[in-house]
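Under our numbering, the residues of the sequence shown are numbered 61 to 167, in order.
C-beta atoms are modelled at their ideal positions from N, C-alpha and C, and glycine is treated no differently.
Let me begin by presenting the structure, written as structure tokens, before commenting on it.
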Amino acid sequence: MSRIKLSVTARDDLKRLYEFLAQFDTRVADNATDAIVASLDYLQVHPHSGSGVEDRPNVRKLIVAFGASGYLIFHKRYEKIDTNLVARIIHQKEWYDAQTIGLAEEE
Numbered sequence: 061m062s063r064i065k066l067s068v069t070a071r072d073d074l075k076r077l078y079e080f081l082a083q084f085d086t087r088v089a090d091n092a093t094d095a096i097v098a099s100l101d102y103l104q105v106h107p108h109s110g111s112g113v114e115d116r117p118n119v120r121k122l123i124v125a126f127g128a129s130g131y132l133i134f135h136k137r138y139e140k141i142d143t144n145l146v147a148r149i150i151h152q153k154e155w156y157d158a159q160t161i162g163l164a165e166e167e
């Protein structure tokens, strides 16, 4: 099984996403968090999951199904150390670009 490491920003994203939903319904917030954690568990077993991100060839985005729209987990694979770094976790309707996901291109 591959290792999953969450960036500080990804940890902040989890808290932010939970707090947004919890202001309306804590059960929904708990369920959304459970869906995200289940997808992180899936990523641990299937570290190459997700589709490529434009302008960032080594970055992938994994879709987390939840309700009418879900979440996106942006991650980068480091084969040598068998680790996926999760840079961001955002709602599918949030705007993002290559810079905001936080994983620079390797030179």
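For residue i: DSSP bridge partner residues
i, result
"S111", "K121"
"Y138", "T143"
For residue j and residue i, the rounded distance between their alpha carbons
i, j, result
"T143", "R137", "6 Å"
"V68", "A147", "8 Å"
"P107", "R76", "25 Å"
"L103", "W155", "23 Å"
"D115", "R63", "25 Å"
"D178", "R87", "An answer regarding residue 178 cannot be provided, because it is not within the stretch 61 to 167 covered by the chain."
"P117", "S111", "10 Å"
"D72", "K153", "18 Å"
CB of residue i within 8 Å of CB of residue j, strictly
i, j, result
"I150", "L132", "yes"
"L100", "A89", "no"
Opening and closing residue of the alpha helix (DSSP H) in which residue i lies
i, result
"K75", "68 to 82"
| message | If contact is defined by three or more beta carbon pairs under 8 Å, each pair taking one atom from either stretch, is the region 126 to 133 in contact with the region 92 to 101? | response | Yes: at least three Cβ pairs fall under 8 Å.
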